[in-house]
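Novice: Below you will find the structure I want to go over with you.
Chains as they are written, first to last, in this note's numbering: chain A, 1 to 206; chain B, 1 to 206.
Structure representation (structure tokens):
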């Protein structure tokens with residue numbers, strides 16, 4: 001027993017020591033750079049949101065936590081930003097995450113002040129197939145959401161993209177990516193709306 | 001043990017000539033094809049990729065050279081991969097923190113440096129058998145050779161594809177930009193022509 005332990009240590013001490021050292025090196029670098037990386041993400045999110053809510057002058061993060069229950073049953077915190085112009089709340093902005101064809105799809109969604117209509121969405125990060133799934137970035141797909149009710153959407157394979165309602169026409173050849181966007185919206189919008197209502201930040205719709 | 005300064009200088013000189021010409025990783029050894037074809041549509045991403053590879057090559061060669069006496073044959077490749085992946089992660093974090101747009105443009109090709117054959121080749125062929133200084137010179141030369149090759153391809157593709165280089169108009173505005181040069185077909189064609197030119201030069205010299 002002692003002999004085999006000695007043999008194991010003799011053969012692998014460098015690997016064990018190097019693993020600890022490299023792990024510490026990555027952890028230290030990550031700790032030093034992650035605030036800046038997070039700040040870059042927030043800057044990108046708010047700059048994309050500014051394109052969706054053109055009246056907004058600034059985006060204020062909500063102090064109260066908002067959480068979304070994912071399909072896997074986990075509860076994840078969502079950073080929600082209040083879009084403000086002067087004293088008026090002109091909208092709400094938050095990150096929406098869906099499960100795409102190749103990887104996670106990260107979107108920024110913007111809704112109007114009363115949380116009734118979706119101002120639209122833009123793509124924060126996506127590794128969808130060029131020419132197919134990455135068409136979710138194109139205006140022809142995204143404009144279906146602009147002004148649509150901020151509630152649940154239904155994905156259909158054919159129809160008119162000009163009609164702005166809760167029906168979304170999928171991208172031909174990219175059903176998985178289209179479904180990912182619609183399912184992510186359906187997951188996030190009702191839950192965030194409900195929590196903002198509970199916090200008294202928006203009306204209850206009655 | 002007495003050192004031979006001329007022999008040492010010859011070793012460094014050889015490393016430099018090998019990296020830049022005789023064993024150029026891209027143009028002679030045909031290694032690192034994935035970034036060579038994927039990030040050379042423009043000069044900026046090509047140079048960024050080159051700098052990342054130089055950073056990873058130098059750091060991994062230093063670590064492997066320092067650890068070489070303790071390396072056991074059966075964990076050798078595991079140690080190389082561990083070392084390389086650590087420095088690739090650090091390079092990726094730095095890009096995401098300081099040049100987020102370039103990090104997005106390079107996409108998965110920075111993390112893919114982990115499986116770049118050039119780095120593991122130099123770790124195995126040079127750093128695991130040589131002293132620190134020779135390993136560093138070798139890494140710098142091979143990295144410079146890689147960057148030079150990527151830059152040659154990127155300059156040709158960017159000028160013919162857009163008429164510009166670094167946003168500066170190079171070709172007359174009447175020149176019709178060849179859009180195909182920015183696509184994968186342009187990468188393969190340019191690489192083929194550059195390899196052909198290399199073969200002609202080599203044949204004439206010999």
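C-beta: ideal position from N, C-alpha, C; glycine also. Remember, predicted model here, so these are calculated numbers, not experimental data.
Inspect the CB distances between the stretch 13 to 31 of chain B and the stretch 123 to 139 of chain B and report whether three or more fall short of 8 angstroms.
Specialist: Touching, per the Cβ criterion.
Novice: Since residue 61 of chain A is in the beta strand (DSSP E), which residue starts that stretch and which ends it?
Specialist: 58 to 61
Novice: Can you find the residues in the same chain that come closer than 7 angstroms, C-beta to C-beta, to residue 117 of chain B, ignoring five residues on each side of it along the sequence?
Specialist: The beta carbon of residue 117 of chain B is closer than 7 angstroms to those of 31 and 32 in its chain, skipping five residues each way along the sequence.
Novice: Using the Cα positions of residue 182 of chain A and residue 168 of chain A, report the straight-line distance between them to the nearest angstrom.
Specialist: 8 angstroms
Novice: What does residue 84 of chain B touch in chain A if you count any residue whose Cβ is under 8 angstroms from its own?
Specialist: What residue 84 of chain B touches in chain A: nothing, since even the nearest Cβ is about 10 angstroms away.
Novice: Using the beta-carbon of each residue, which ones in chain B are nearer than 9 angstroms to residue 19 of chain A?
Specialist: 82
Novice: Could you check what DSSP says for residue 141 of chain A in three-state terms: helix, strand or coil?
Specialist: helix
Novice: Going along chain C in order, which residues have a C-beta closer than 9 angstroms to the C-beta of residue 75 of chain B?
Specialist: Given the protein chain composition of this structure (A and B), no chain C is represented.
Novice: For the stretch 36 to 47 of chain B, which residues have a CB atom closer than 8 angstroms to at least one CB atom of chain A, in sequence order?
Specialist: Listed by position, the residues of the stretch 36 to 47 of chain B near chain A (Cβ gap below 8 angstroms) amount to none.
Novice: Expressed to the nearest angstrom, what Euclidean distance is found between the alpha-carbon atoms of residue 136 of chain A and residue 124 of chain B?
Specialist: 44 angstroms
Novice: So is residue 45 of chain A buried or exposed if we call it buried at 16+ other beta carbons inside 10 Å?
Specialist: buried
Novice: Please report how far the alpha carbon of residue 199 of chain B lies from the alpha carbon of residue 190 of chain B, in whole angstroms.
Specialist: Roughly 14 angstroms separates the two Cα atoms.
Novice: Short of 6 angstroms in beta carbon distance, which residues of its chain neighbour residue 122 of chain A, apart from the five on each side in sequence? Order them along the chain.
Specialist: Excluding sequence neighbours, residue 122 of chain A sits near 48 and 108.
Novice: Could you tell me if residue 95 of chain A is buried or exposed, where buried requires 16 or more neighbouring beta carbons within 10 angstroms of its beta carbon?
Specialist: buried
Novice: With three or more C-beta pairs closer than 8 angstroms as the rule, is the stretch 100 to 120 of chain B touching the stretch 42 to 53 of chain B?
Specialist: yes
Novice: Using only the alpha-carbon positions, how far apart do residue 169 of chain B and residue 163 of chain B sit?
Specialist: Across the structure, residue 169 of chain B and residue 163 of chain B are spaced so that their CA atoms are roughly 6 angstroms apart.
Novice: Between residue 205 of chain B and chain A, is any beta-carbon pair separated by less than 8 angstroms?
Specialist: no
Novice: Whose Cβ in chain A lies nearer than 8 angstroms to the Cβ of residue 79 of chain B?
Specialist: 14, 15 and 18
Novice: Quick check: is the beta carbon of residue 90 of chain B nearer than 8 angstroms to any beta carbon in chain A?
Specialist: yes
Novice: State yes or no: is the beta carbon of residue 46 of chain A nearer than 8 angstroms to at least one beta carbon in chain B?
Specialist: Closer than 8 angstroms: no.
Novice: To which residues of the same chain is residue 55 of chain A closer than 7 angstroms at the C-beta, ignoring the five residues directly before and after it?
Specialist: 85 and 90
Novice: Taking residue 197 of chain A and residue 66 of chain A to be in contact with their CB atoms under 8 angstroms, please state how far apart those CB atoms are, rounded to whole angstroms.
Specialist: Wrong, their Cβ atoms sit about 11 angstroms apart, outside the cutoff.
Novice: From the beta carbon of residue 37 of chain A, is the nearest beta carbon of chain B less than 8 angstroms away?
Specialist: At least one chain B Cβ lies under 8 angstroms of residue 37 of chain A.
Novice: Between which two residues does the alpha helix (DSSP H) harbouring residue 84 of chain B extend?
Specialist: 76 to 98
Novice: Once you ignore the five residues that flank residue 60 of chain A on each side, which residues in its own chain have a CB closer than 7 angstroms to its CB?
Specialist: Setting aside the 5 residues that flank it on each side, residue 60 of chain A is surrounded in the same chain by 81, 82 and 84, each with a C-beta closer than 7 angstroms to its C-beta; the list follows chain order.
Novice: Near residue 154 of chain A, what residues of its chain come up, given a Cβ to Cβ distance below 8 angstroms and the 5 sequence neighbours on each side ignored?
Specialist: 166, 167, 168 and 182
Novice: When you compare the CB of residue 30 of chain A with every CB in chain B, is at least one pair closer than 8 angstroms?
Specialist: yes
Novice: For residue 107 of chain A, go through chain B and note every residue whose CB falls closer than 8 angstroms to its CB, in chain order.
Specialist: Here the premise fails: no neighbours, minimum Cβ distance about 15 angstroms.
Novice: Residue 190 of chain B lies in the beta strand (DSSP E); which residues open and close that run?
Specialist: Unbroken run through residue 190 of chain B is the alpha helix (DSSP H), 184 to 205; no beta strand (DSSP E).
Novice: By how many angstroms is the C-alpha of residue 87 of chain A removed from the C-alpha of residue 206 of chain A?
Specialist: In this prediction, residue 206 of chain A has a pLDDT of 47, which is less than 50 and means its spatial position is unreliable; nothing more can be read from the coordinates.
Novice: Name the two residues that bound the continuous beta strand (DSSP E) containing residue 79 of chain A.
Specialist: It is not in any beta strand (DSSP E) - residue 79 of chain A carries neither H nor E in the DSSP assignment.
Novice: Label residue 25 of chain B either buried or exposed according to how many other C-beta atoms from any shown protein chain fall within 10 Å of its C-beta, with 16 as the threshold for buried.
Specialist: buried
Novice: Given 8 angstroms as the limit, is there contact between the stretch 56 to 66 of chain B and the stretch 77 to 97 of chain B, that is, 3 or more CB pairs closer than that?
Specialist: yes
Novice: Looking only at its own chain, which residues have a Cβ that is under 6 angstroms from the Cβ of residue 87 of chain B, when we skip the five neighbours before and after it?
Specialist: 56, 59 and 60
Novice: Go through its chain and collect everything with a Cβ distance to residue 145 of chain A's Cβ below 6 angstroms, but skip five positions before and after it.
Specialist: In its chain, beyond the 5 residues on either side, 118, 120 and 121 have a beta carbon closer than 6 angstroms to the beta carbon of residue 145 of chain A.
Novice: Identify whether residue 110 of chain B lies in helix, strand or coil by the three-state DSSP scheme.
Specialist: coil
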